[in-house]
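Asker: The listed protein sequences correspond, in order, to chains A and B. Numbering-wise, the numbering used here comes out as the position in the first sequence, counting from 1, plus 104. Numbering-wise, the numbering used here comes out as the position in the second sequence, counting from 1, plus 104. Okay, handing you the structure first.
Number of protein chains: 2
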Amino acid sequence: MKTKNKKIQKIVFEIFKKNKLSSKHAKIATDAIINAELVGAYGHGLSRLKMYCDRIKKKLINPRPNIKIKKISQSISHVDANNSIGFVAADIAIKIAIKNAKKTGIGMVAVKNSGHYGLSGYYAEQAVKKNLITMIYTSAPPAVAPFGALKSLFGTNPICFGTPTGSKIPFILDTSISMINRGKIRVAARNNLKIPKDVALDKFGKPTTDAKKALEGVQLPIAGFRGSGLAWMVDILSGVLTGGNHAGKVKDPFDDFSGPQNIGHLFITFKTNLFVNNFNKRIKDNIRTIKRLPKIKGIKEIMYPGQNKYKRLKMNSKKDINITEIIKKDLEILKN
Amino acid sequence: MKTKNKKIQKIVFEIFKKNKLSSKHAKIATDAIINAELVGAYGHGLSRLKMYCDRIKKKLINPRPNIKIKKISQSISHVDANNSIGFVAADIAIKIAIKNAKKTGIGMVAVKNSGHYGLSGYYAEQAVKKNLITMIYTSAPPAVAPFGALKSLFGTNPICFGTPTGSKIPFILDTSISMINRGKIRVAARNNLKIPKDVALDKFGKPTTDAKKALEGVQLPIAGFRGSGLAWMVDILSGVLTGGNHAGKVKDPFDDFSGPQNIGHLFITFKTNLFVNNFNKRIKDNIRTIKRLPKIKGIKEIMYPGQNKYKRLKMNSKKDINITEIIKKDLEILKN
């Protein structure tokens with residue numbers, strides 16, 4: 105990964121190595137964490153490093169996993185990640201999904217016994233770089249209450265979709281079905297910042313802007329019953345289907361050390377030219393047409409999903425990653 | 105289809121026959137329309153019958169289509185619907201998708217040159233009855249403004265997901281990404297009813313509860329940038345990928361007789377037992393766990409998507425379909 109941040113990259117890599125990850129796996133995990141920092145997804149970045157190491161120490165993440173890949177068909181594979189760090193399981197799975205799609209037109213890879221893998225969009229980018237469309241689903245610890253329920257059960261369960269655009273900036277939609285990402289609330293809580301209104305309730309069911317109270321309470325799904333249904337869909341696709349935990353059984357990696365997470369993921373990939381021979385031209389036309397629409401006052405450009413993130417990555421790669429005091433302390437402990 | 109409504113069923117069938125559909129195609133179209141009435145999706149029911157006939161008369165829907173099915177692989181097929189009525193194209197496509205998935209584990213069928221096909225969930229039910237999971241995407245005429253734009257371009261672009269539940273009531277999520285279905289606004293407009301607040305803007309960008317003004321204006325997507333991104337995803341999956349119209353080029357079937365709609369659809373199907381051998385038990389556990397959560401005051405039961413619709417279908421099948429004055433008039437014209 106091109107970044108000015110060779111030093112912090114090396115520190116994270118060495119921390120993973122010290123925690124018994126192989127060089128190959130340490131590099132995969134480090135790259136994912138640094139990427140999250142560079143795209144501004146701090147809730148998936150360095151703020152999680154200590155948690156991963158804690159879970160390795162408590163034998164809840166297996167630093168030397170015996171990952172088993174079962175071929176179901178030329179298109180379909182099943183990965184048992186043996187409680188590897190999620191980054192490694194996801195990296196293996198998306199690579200198989202890419203291979204399967206290149207061979208047969210469509211690839212589907214399910215993963216079980218995995219853990220938190222960071223940003224879905226990060227893996228989507230790998231498929232898109234190989235000129236594939238991809239859909240990625242993962243479950244997550246309880247954060248969002250099903251419509252009608254007073255208790256969190258669904259994770260923020262992102263829906264991720266990526267496609268080549270015929271230009272260098274990929275279309276990567278990576279949207280959680282909660283009003284706010286849990287990672288963002290967690291970062292706010294660690295830094296004593298407030299969260300927006302109408303995104304979360306406290307444990308008594310009252311609206312709150314206090315990040316700490318929100319973490320104890322319930323996040324609200326987007327669009328009521330619709331968002332709740334989408335979260336349920338993701339729980340089924342990534343949990344029920346794959347052999348992963350589901351129905352609220354994925355443990356919170358920060359708070360629950362009673363066992364491994366057993367997160368499930370589902371990766372679907374397919375070729376862009378299955379049905380048309382000019383996909384790149386078609387999607388360029390699509391994006392151009394939408395960008396040319398009349399805009400709401402104050403909007404300079406209609407952006408497609410992934411565009412802003414790409415810009416942030418380019419910009420931030422030229423700058424030093426900002427290390428907060430809390431993370432500095434984490435790193436000091438973890439290095440020694 | 106079991107319904108008390110043999111008489112109206114026969115009237116609709118004869119109207120389609122009179123408009124040159126084959127008996128087979130007339131039955132498929134009639135069943136879909138009666139089903140929409142019975143599940144209470146009136147915007148996809150009899151209120152569209154005159155429109156279909158108008159488009160047939162103007163040669164924009166082909167009553168005797170030469171539908172071409174191209175096999176891309178054992179899993180993947182492409183249907184050129186030759187401007188058939190959408191119901192017929194979708195019925196053929198889901199049946200191929202089912203066959204492909206039964207054979208290889210996963211099926212993917214894209215359709216181009218199709219038209220409005222009613223409810224995605226109706227086709228999802230077919231796959232679920234064959235014990236498959238399914239994901240269905242279709243585009244629709246411009247109704248929702250992309251985030252940041254002052255003009256409608258995306259359709260209400262439903263996201264549909266269906267899965268067996270191990271019980272007789274399937275899980276069928278069929279959610280448009282707009283705050284309200286265009287069909288519902290249309291029915292409200294025809295019956296001079298108001299629509300809810302915060303679901304649509306008039307043509308000047310002002311919020312409105314006047315259904316007619318909303319039809320001239322813009323529907324709002326769910327969840328701002330997130331919903332806009334999901335709509336864009338559906339436009340790419342069902343339009344750019346399939347060879348169908350996209351980027352706002354799908355014509356409004358009621359208002360625009362300048363050419364066929366060329367709607368695209370995408371059907372993905374796969375087996376439930378690809379990765380686990382006890383899917384039915386797993387999903388039963390999943391649903392049971394969620395239903396047992398503590399409930400918000402006033403909520404009797406946490407429902408999964410499709411449950412209410414199934415109940416409505418059962419109940420309404422025992423009753424006469426309510427024929428409004430406007431539809432009565434439509435039927436009188438169409439019969440003679």
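We treat Cβ as the ideally placed atom computed from N, Cα and C, and that holds for glycine.
1) Kindly indicate which residue of A:439, A:421 and A:438 has the alpha-carbon position closest to the one of residue 140 of chain A.
2) Residues of chain A with CB under 7 Å from residue 303 of chain B, in chain order?
3) Do we get a CB-CB distance below 8 Å when we pair residue 209 of chain A with the residues of chain B?
4) With a CB to CB cut of under 6 Å and the five nearest residues on each side skipped, what residues in its chain are close to residue 350 of chain A?
5) Using the DSSP secondary-structure output, state which residues sit across from residue 212 of chain B in a beta bridge.
6) Should residue 359 of chain A be labelled buried (16 or more other beta-carbon atoms within 10 Å of its own) or exposed?
7) I want to see whether chain B comes within less than 8 Å of residue 362 of chain A, judged by CB atoms only; does it?
8) On the DSSP bridge list, what partners appear for residue 265 of chain A?
9) Within the continuous beta strand (DSSP E) that includes residue 174 of chain A, where are the two ends?
10) Quick one: which unbroken alpha helix (DSSP H) runs of 4-plus residues sit fully inside the stretch 307-331 of chain A? Chain order, please.
11) Can you list, in chain order, the residues of the stretch 161-187 of chain B whose Cβ is nearer than 8 Å to any Cβ on chain A?
12) Could you tell me the alpha carbon to alpha carbon distance between residue 383 of chain B and residue 270 of chain B, rounded to whole angstroms?
13) Using CA coordinates, which residue listed in B:309, B:185, B:128 and B:228 is at the minimum distance from residue 170 of chain B?
14) For residue 218 of chain B, which of helix, strand or coil comes out of DSSP?
15) Which residues of chain A have a Cβ atom closer than 9 Å to the Cβ of residue 393 of chain B, listed in chain order?
16) How many angstroms separate the CA atom of residue 138 of chain A from the CA atom of residue 257 of chain B?
17) Cβ closer than 7 Å: which chain B residues qualify as neighbours of residue 260 of chain A?
18) When burial is assigned at 16 or more other CB atoms within 10 Å of the CB, is residue 419 of chain A buried or exposed?
19) I think residue 238 of chain B touches residue 231 of chain B, with their Cβ atoms under 8 Å apart; what is that distance to the nearest whole Å?
20) Take residue 193 of chain A as the anchor and find which of A:123, A:284, A:216 and A:398 has the nearest alpha-carbon.
21) Thinking just about the alpha-carbon of each residue, which of A:153, A:389, A:266 and A:164 is nearest to the one in residue 438 of chain A?
22) For residue 105 of chain A, which residues of its own chain have a beta-carbon under 7 Å away from its beta-carbon, when the five flanking residues on both sides are left out?
23) What is the residue span of the alpha helix (DSSP H) that residue 111 of chain A lies within?
24) Do residue 209 of chain B and residue 378 of chain B have their CB atoms nearer than 8 Å?
25) Entirely within the stretch 353-397 of chain A and at least 4 residues each: give me those alpha helix (DSSP H) ranges in chain order.
26) List the DSSP bridge partners of residue 248 of chain B.
27) Using a 10 Å radius around the Cβ and a threshold of 16 neighbouring Cβ atoms, would you call residue 311 of chain A buried or exposed?
28) With the cut-off set at 8 Å, would you say residue 387 of chain A and residue 267 of chain A are in Cβ contact?
29) Helix, strand or coil for residue 453 of chain B, going by three-state DSSP, please let me know.
30) CB of residue 399 of chain B to nearest heavy atom of the ligand FAD: below 7 Å?
31) Throw me the rounded Cβ distance for the residue 179 of chain B and residue 211 of chain B pair, which I believe falls under 8 Å.
32) Under the DSSP definition of a beta bridge, which residues are partnered with residue 305 of chain B?
33) Of the residues A:151, A:265 and A:132, which one's Cα is nearest the Cα of residue 429 of chain A?
34) What is the rounded straight-line gap between the Cα of residue 279 of chain B and the Cα of residue 279 of chain A?
35) Apart from the five residues just before and just after residue 162 of chain B, which ones in its own chain have a Cβ nearer than 8 Å to its Cβ?
36) Suppose contacts are defined by Cβ-Cβ distances below 8 Å. Is residue 125 of chain A in contact with residue 364 of chain A by that definition?
Answerer: With the structure as the only source:
1) A:421
2) Those do not exist, as residue 303 of chain B stays about 11 Å from chain A at its closest Cβ, beyond 7 Å.
3) yes
4) 339, 343 and 344
5) B:180 and B:372
6) exposed
7) no
8) A:239 and A:277
9) 172-175
10) 315-320
11) 176, 177, 179, 180 and 182
12) 8 Å
13) B:185
14) strand
15) 257, 350, 351, 352 and 353
16) 37 Å
17) Near residue 260 of chain A there are no residues of chain B at all, since even the closest Cβ is about 12 Å away, more than 7 Å.
18) exposed
19) 4 Å
20) A:216
21) A:153
22) Unreliable positioning characterises residue 105 of chain A in this predicted model, as indicated by a pLDDT of 48, which lies under 50. The coordinate reading is nonetheless provided below. For residue 105 of chain A, where only same-chain residues beyond five positions count, the Cβ hits under 7 Å are 135, 138 and 139.
23) 110-122
24) yes
25) 383-395
26) B:258 and B:323
27) exposed
28) yes
29) Residue 453 of chain B cannot be examined here, being either before or after the span of chain B that is shown, 105 to 440.
30) Ligands displayed in this structure: none; no statement on the ligand FAD is therefore possible.
31) 6 Å
32) B:311 and B:322
33) A:151
34) 16 Å
35) 361
36) no
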